[in-house]
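Each residue of the sequence shown is one higher than the one before, counting from 1 in the UniProt record's numbering. We put the CB at the ideal spot given by N, CA and C, even for glycine. Predicted model, so just to flag it, every value in this text is computed and none were measured. Here's the structure, in structure tokens; my notes come after.
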Amino acid sequence: MKHTPYDGTSKPFAIGLAQLDSDRWIEPDEALDFYLSEKSRLLIENRSSVFAAAAESGNAQRELLSLLMDYLLRRYPHIYRRDGETIVVGGREVNLNGDPPILSAGALIQDDLAIMECKDGEWRLTAAYIAFPSSWSLAEKFGRSMDEIHAPVPGFAAGSRNAELIARMFDRLPPDRFVERFNWAINADGALHLPKSKTEDIGAEAVALEKERTYIRVERQTLRKLPETGAIAFTIRIYSDPLAALGSRPDAARLALSFITQLRELTLPQAAYKGLVSKRGALISALASIAG
């Protein structure tokens with residue numbers, strides 16, 4: 001469990017952006033090959049569900065690919081190697097001139113990628129390679145403004161303080177600044193590709209929960225403004241671990257208690273959005289048993 005945002009360092013339903021050292025922009029690990037295989041499989045099986053790009057996003061895509069390629073070759077020379085017009089990663093060769101640039105970029109890393117560009121004063125999603133969505137579909141979000149994308153999220157509707165802060169941050173983000181934020185979710189499936197919404201009614205009835213079949217899904221997002229096009233590039237890395245794995249950590253009790261606090265502090269609309277109205281009580285009990 002690499003990241004534990006439920007430890008109190010990140011608050012649910014908060015913007016929660018933190019300064020990020022550029023050397024930590026991308027964090028490949030031992031699961032790199034598995035993630036890349038899953039991305040390739042999903043792209044082959046249902047391209048339109050994981051990839052979309054507006055024609056006018058080409059320049060931003062190319063800039064992102066160039067910056068990412070240079071970064072990976074410099075930062076991780078033991079993983080990435082350039083051979084002419086291809087990047088070699090493990091046993092794979094990624095053609096730099098074949099697919100749309102955001103697909104080539106996404107084929108290099110475990111993270112999903114999204115590009116937002118300012119059009120007529122609004123930031124819109126103009127290109128994305130999203131293999132591992134967390135309870136949303138690319139078709140629903142592509143081409144939409146940030147306000148429209150965030151409309152279902154409690155506290156982030158158009159005109160809200162959070163919506164205004166996000167727009168201001170996007171406008172003012174310097175190109176040399178990297179930021180990151182985290183989300184967490186609870187799922188009954190450890191799969192990476194989860195496009196189906198799990199939002200519940202606020203009156204959903206309580207259900208039982210099995211620790212062994214319950215997964216903590218952590219989403220690490222990074223943002224940076226591309227210096228030439230002014231587009232904003234998102235990377236979205238998914239980590240999925242069994243809830244039971246929490247108990248094997250030396251800091252299990254502290255993490256479990258902090259997690260309980262965050263669960264209890266969720267309003268009913270927030271819990272419904274996360275699909276936790278029915279599971280909150282059982283999840284708190286499971287965490288309490290881990291805390292001891």
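- Annotation for ASP171: the continuous alpha helix (DSSP H) segment containing it runs 161-172.
- The three-state reading of DSSP puts SER37 in helix, counting H, G and I together.
- By the neighbour-count criterion, in which 16 or more other beta carbons inside 10 Å mark a residue as buried, SER278 falls on the buried side.
- Here ASP176 is exposed: its Cβ has fewer than 16 other Cβ atoms, across all protein chains shown, within 10 Å.
- When the alpha-carbon of SER40 is set against those of ILE216, ARG92, SER160 and ALA139, the nearest one is in ARG92.
- Counting along the chain, GLU140 sits inside the alpha helix (DSSP H) bounded by residues 138-141.
- Counting along the chain, ALA286 sits inside the alpha helix (DSSP H) bounded by residues 280-291.
- Per DSSP, reduced to three states, the secondary structure at MET116 is strand.
- With contact defined as three or more Cβ pairs closer than 8 Å, the segment 82-100 and the segment 27-45 are in contact.
- DSSP places ASP70 outside any beta strand (DSSP E); the residue lies instead in the alpha helix (DSSP H), whose first and last residues are 58-75.
- Distance from ALA244 to GLY292 at the Cβ level is roughly 14 Å; contact not present, criterion being Cβ atoms closer than 8 Å.
- Under the 10 Å beta carbon count, GLN19 is surrounded by fewer than 16 other beta carbons and is classified as exposed.
- Rounded to whole angstroms, the gap between the alpha carbons of TYR239 and LYS141 is 22 Å.
- One thing to note: GLU38 has its Cβ within 8 Å of the Cβ of LEU192.
- Looking at ILE115, SER49 and PRO250, the one whose alpha-carbon comes closest to that of THR222 is ILE115.
- Taking GLU212 as reference, the option from ASP241, PRO77, CYS118 and GLU228 with the minimal CA-CA separation is ASP241.
- Distances from the alpha-carbon of ALA204 to those of LEU72, GLY281 and PHE34 put GLY281 closest.
- Residue pairing by DSSP puts PHE178 in a beta bridge opposite LEU20 and ARG224.
- Between the segment 67-77 and the segment 120-129 there are fewer than three inter-stretch CB-CB distances shorter than 8 Å, so the stretches are not counted as touching.
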